[in-house]
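Structure below.
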């Protein structure tokens, strides 16, 4: 726990404690105390701690004079201090900065300061304070985090304070020197708690402000994929995270973002939208790529025969991929000249097939194919094989309310209307025709263009040719009928005048 004293300036300038961080440290240590971890639960030699300066921690001061190597700072209350001038990128008299008090020089009557955020050099158990930035060497690790050493002082860093992002194996830092912030000091127990995360977060925030000022919509930026979710991925552009939605990952259909990206992948994305108020970015991976549809019309014109891969099969057809980013629809009606139950009866996922391009619209990214037109049309020669009045036996392929369809040959199907199913009145089609039943039918009409055949299953009355005697009798009857008609025609128009004027 933080040391409690009655020094008047300590509570004034010590940074406020972070309950969440304290809780994280306690959780990381478990039942093991910092004293036990570093062996400080044993009596210490060396007597009392040396007297410390009156002002401690972080304090605001004003630059009053510039030296060759130091900056002189007025701390108020008639107190002054000096800080290395190398810790400032630019400084002038009158500037106000926050400083970390490192020690008090009794002889000079000045405080040794470090600009807040700069690495403190003159530190020991008497001068180290929360908020100071130190260089530490990682010496080992335990179940809760890393063990470090700061100028021979033992320190501990919880696993959650090692980095901004979760690190699976923190042992990779063993042997490294890292810059960290002091978050807890326990002088009696000679123990320190450090945080590297605090440093990284401040650096990230500073980089974020600078980066947001430089970012603009339409820019292409390189970033690192940090998190992958079901709806997309978050990409770090160097201090600013942007959302790469799954719909913006590829020109092709993507079911899940992991088909395209994974954590720690380096990607080039285009900034689609920037919300200056919230700092949120919308990114696009496909917009940073060349659009394959730009010249697709010239490469896949209507009527072109192409090889495509079946990417997925649906109830209404199948989607085919020509190349990365170019996908089109093969409708169920264009799968076969035969009637099919489901597109999967003809094509399967991953299958490569030869098809004909029916239509292409590059502006709408739409493409339509035909599989049946890539083969031979069985209707082309069927009209010659089945002229009108041809009688054949065919099997019923399906039954509907208005008639029965029969298959003349694979790909060629004809309709026997309910009125042509029988010489008798038919109440329902099912009464006289069943699927799989063979019917003797006669071709009534064949339409090649519309792919329609009208058939009839009605029986014509049998015509028996007449005998010679019947033909002779019919001829004689016709002659007599003609003679009678002739005589009857002579009386028409009045009586014969010759009988009345003889003499």
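Residue numbers (the numbering used here): 45 to 547. Don't be surprised by glycine CBs; every beta carbon is placed ideally from N, CA and C. For clarity, every value in this text was computed on a predicted model and none was experimentally measured.
Asked: For the beta strand (DSSP E) that residue 266 lies in, which residues bound it at each end?; Found: 264 to 272
Asked: In terms of residue numbering, what span does the alpha helix (DSSP H) encompassing residue 256 cover?; Found: 241 to 258
Asked: Can you find at least 3 beta carbon pairs, one from the region 335 to 352 and one from the region 395 to 409, that sit closer than 8 Å?; Found: yes
Asked: Just to confirm before moving on: does the CB-CB distance between residue 372 and residue 412 stay below 8 Å?; Found: yes
Asked: On a CA-only basis, which of 491, 187, 461 and 111 is nearest residue 429? Give me that one, please.; Found: 491
Asked: Quick one, are the C-beta atoms of residue 296 and residue 285 less than 8 Å apart?; Found: no
Asked: Using 8 Å as the cut-off, can you tell me whether the region 449 to 463 makes contact with the region 413 to 424, which would need three or more C-beta pairs spanning the two stretches below that distance?; Found: yes
Asked: Using a Cβ-Cβ cut-off of 7 Å (strictly less than) and excluding sequence neighbours within five positions of residue 114, which residues of its own chain qualify?; Found: 126, 127, 128 and 129
Asked: One question on the structure: do residue 142 and residue 104 come within less than 8 Å of each other, judged by their Cβ atoms?; Found: yes
Asked: Report the CB separation of residue 240 from residue 224 in whole angstroms; it is logged as a contact under 8 Å.; Found: 5 Å
Asked: What residue range does the alpha helix (DSSP H) around residue 438 cover?; Found: From DSSP, residue 438 is part of no alpha helix (DSSP H) but of the beta strand (DSSP E) over 435 to 444.
Asked: Starting from the C-beta of residue 432, find all residues in its chain whose C-beta is less than 8 Å away, skip the five residues before and the five after it, and write them out in chain order.; Found: 487, 488, 489 and 490
Asked: Starting from residue 548 and walking both ways along the beta strand (DSSP E), at which residues does that stretch end?; Found: The first residue shown for the chain is 45 and the last is 547, placing residue 548 beyond what the model contains.
Asked: Note the first and the last residue of the continuous alpha helix (DSSP H) segment covering residue 426.; Found: 423 to 429
Asked: According to DSSP, what are the bridge partners of residue 344?; Found: In the DSSP output, where bridge partners are listed per residue, residue 344 has none listed.
Asked: Considering only residues of the region 303 to 346, which uninterrupted beta strand (DSSP E) runs meet the minimum length of 3 residues and lie entirely inside it, listed in chain order?; Found: 310 to 319 and 324 to 328
Asked: Do residue 479 and residue 442 have their CB atoms nearer than 8 Å?; Found: yes
Asked: Could you pull out every residue in the same chain whose Cβ sits closer than 8 Å to the Cβ of residue 524, ignoring the five residues on either side in sequence?; Found: none
Asked: Among 176, 100 and 152, which has the Cα closest to the Cα of residue 163?; Found: 176
Asked: Is the region 142 to 156 touching the region 191 to 205 in the sense that three or more CB pairs, one from each, lie closer than 8 Å?; Found: no
Asked: Are the beta-carbon atoms of residue 279 and residue 272 separated by less than 8 Å?; Found: no
Asked: With a threshold of 16 other CB atoms inside 10 Å of the CB of residue 528, please say whether the residue is buried or exposed.; Found: exposed
Asked: From the DSSP output, read off the bridge partner residues of residue 106.; Found: 118 and 140
Asked: Could you have a look at residue 529 and say whether DSSP puts it in helix, strand or coil?; Found: helix
Asked: Name the residue from 182, 228 and 444 whose alpha carbon lies nearest to the alpha carbon of residue 220.; Found: 182
Asked: Taking the Cβ atom as the reference point for each residue, do residue 366 and residue 355 lie within a distance shorter than 8 Å?; Found: no
Asked: Could you tell me which of 359, 325, 361 and 293 sits nearest to residue 334, measuring between CA atoms?; Found: 293
Asked: For residue 147, does the count of other Cβ atoms within 10 angstroms reach 16, so buried, or fall short, so exposed?; Found: buried
Asked: Return helix, strand or coil for residue 237, following the three-state DSSP convention.; Found: strand
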